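In our numbering, the protein residues as written are 1 to 338. Idealized CB from N, CA, C, for every residue including glycine. Since the model is a prediction, treat every value here as computed from it, not as a measurement.
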Amino acid sequence: MSLQNQTEFKLKNQIAICHGDALNFYSSWRTPTVIVADGPYGVKGFPGDPSTPDSLDKWYEPHIAAWARLSTPQTTLWFWNTEIGWAKVHPILEKYGWRYRTCHIWDKGIGHVAGNANTKSLRKLPVVTEVCVQYVKDPIFSIDGRNASMKEWLRYEWQRSGLPLTLTNEACGVKDAATRKYFTQSDLWYFPPADAFEKLVNYANTKGQRKGAPYFSLDGKRAMTGEEWTRMRAKFYCPFGVTNVWNHPPVNGDERMKNGQKAMHLNQKPLKLTRLIIETTSDKGDVVWEPFGGLCTAAVAALELDRKCDAAEITHEVFQQAVARIEMITRTPKLNLQ
Ligand SMILES: C[S@@+](CC[C@H](N)C(=O)[O-])C[C@H]1O[C@@H](n2cnc3c(N)ncnc32)[C@H](O)[C@@H]1O
1 MSLQNQTEFK LKNQIAICHG DALNFYSSWR TPTVIVADGP YGVKGFPGDP STPDSLDKWY
61 EPHIAAWARL STPQTTLWFW NTEIGWAKVH PILEKYGWRY RTCHIWDKGI GHVAGNANTK
121 SLRKLPVVTE VCVQYVKDPI FSIDGRNASM KEWLRYEWQR SGLPLTLTNE ACGVKDAATR
181 KYFTQSDLWY FPPADAFEKL VNYANTKGQR KGAPYFSLDG KRAMTGEEWT RMRAKFYCPF
241 GVTNVWNHPP VNGDERMKNG QKAMHLNQKP LKLTRLIIET TSDKGDVVWE PFGGLCTAAV
301 AALELDRKCD AAEITHEVFQ QAVARIEMIT RTPKLNLQ
């Protein structure tokens, strides 16, 4: 098929880019470990971007609902926007169960074009930032038919076994760290790692009262394994020396995709930042979603990092440019295509 009429691009099992509204594709995409959402900012930046951030909440709501429905507790959502755009959308993200983790500030530096703004007329300081906000999707447990958090459920299951909470220390082979960290009701609660969880499960199910077993079970038939427990929260691999402030210039030089002298897309995101968010929250082989593809920087980073990517772009010309970019990248010999 000629690129002119093409509506989908596939690179083996690794990358799929669809032309059209992302809302039409979510249900056919593979389960995401990472969602990189870099859509409208309410600045009239591209066709379809509203002229103000006022209606962004309504614009994003069907997307956010679909992301929530099709994600798992292992999924991290990275939501790019302006500060005010994010503020408008945050309540909707919370409404659909996305839990705020951290707001990362991309500081583009004074070299950014906005740094030359006519601040006397604008009557405000130049804006040289965007935000990239990390959200996770907590699992919802059930206690007597009501929804409960992981922290509540853990404590409830232990107490159901009839054992005193102090014995959680003996179960884990520690002096007092288990009650203090894993069973506290305060904000200082820690997620028990898989080995500690398995010890707690084993202890409760062998020493707890027979009636009521199995404890720490989701189906009432068998207790969860340590591995299943690990899958109940989003992946996170902390990079050394990186904070929530990212000093990085706007995309320039060879990385900037151009049509002659002109930038192909004003919103092209830096590969370095895109790699960072993908690497910290996924493993090789995992699936990244890029619903608002643009030049599909997340798909490029996914390729380089041996992840898979399902992406969409609504404007046909931009879709074609993204496809051409991926095809160019595949000619790089070091890539390990699956
Ligand atoms: C901010 S740009 C993304 C830039 C991209 N991160 C990059 O590095 O090139 C947003 C893109 O989303 C596209 N878009 C807007 N609404 C969309 C929708 N409903 N479905 C798919 N793409 C959409 C726009 O055409 C635009 O190219």
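Practice item. Flag HIS63 as yes when its Cβ comes closer than 8 Å to any non-hydrogen atom of ligand 1, and as no otherwise. Key: yes
Check your understanding: Looking at the C-beta of SER217, does it have a partner C-beta in chain B at a distance below 9 Å?
Key -> As a matter of chain content, chain B is missing from the structure shown, which is built from one protein chain.
Check your understanding: Shortest alpha-carbon distance to ALA299 belongs to which of ALA22, THR280, VAL323, GLU317?
Key -> VAL323
Review point. Looking at C-alpha atoms only, which residue of LEU70, PRO62, THR102, PHE240 is the closest neighbour of TRP80?
Key: THR102
Review point. What did DSSP end up calling SER71 once you bin it into helix, strand or coil?
Key: coil
**Study point:** THR179 Cβ short of 8 Å to ligand 1 heavy atom set
**Key:** no
Point to revise | Three-state secondary structure (DSSP) of PHE141 | key: strand
Practice item. Pull up the distance between the alpha-carbon of ARG256 and that of ASP57, whole angstroms please. Key: 30 Å
**Study point:** the region 80–100 touching the region 119–126, judged by at least three CB pairs closer than 8 Å
**Key:** no
Exercise for review: Find the nearest neighbour of VAL288 within the set ALA87, THR33, SER27, ILE17, judged by alpha-carbon distance.
Suggested key: THR33
Point to revise | Segments assigned alpha helix (DSSP H), at least 4 residues, entirely inside the region 104–183 | key: 119–122, 150–160, 167–172
Point to revise | Candidates THR31, GLU83, CYS296: closest to TRP67 by CA position | key: THR31
Check your understanding: Less than 8 Å between the CB of VAL288 and some heavy atom of ligand 1, yes or no?
Key -> no
Check your understanding: Whole alpha helix (DSSP H) runs in the region 270–302 with 4 or more residues, listed along the chain?
Key -> 271–280
**Study point:** THR102, DSSP secondary structure in three states
**Key:** strand
Practice item. Check whether the region 145–160 touches the region 128–137, taking contact to mean three or more Cβ pairs, one atom from each stretch, closer than 8 Å. Key: no
Practice item. Take ASN169 and list the residues in its own chain whose beta-carbon comes closer than 8 Å to its own, dropping the five residues that flank it on each side. Key: LYS175, ASP176, ALA177, ALA178, THR179
Exercise for review: Provide the residue span of the alpha helix (DSSP H) that contains GLU83, from first to last.
Suggested key: 83–95
Check your understanding: With a CB to CB cut of under 7 Å and the five nearest residues on each side skipped, what residues in its chain are close to GLU230?
Key -> The question names Glu, yet the displayed sequence has Thr at residue 230. Taken in chain order, the residues that qualify are ALA194.
Check your understanding: Quick one, which of LYS221, GLN209, ARG210, GLY173 has its alpha-carbon nearest GLU198's?
Key -> GLY173
Review point. Would you call the region 43–55 and the region 105–113 in contact, with 3 or more CB pairs under 8 Å?
Key: no
Review point. Looking at the structure shown, is PHE79 part of a helix, part of a strand, or coil, going by DSSP?
Key: strand
Check your understanding: Can you tell me the Cα-Cα spacing of GLU61 and ILE84, whole angstroms?
Key -> 16 Å
Point to revise | Best match in TRP246, ILE329, LYS235 for proximity to LEU77 [C-alpha to C-alpha] | key: LYS235
Review point. Is PRO32 near ligand 1, in the sense that its beta carbon is under 8 Å from a heavy atom of that ligand?
Key: no
Check your understanding: Do you know offhand how far CYS238's Cα is from THR225's?
Key -> 25 Å
Review point. Per DSSP, which one or two residues make a beta bridge with SER217?
Key: ALA223
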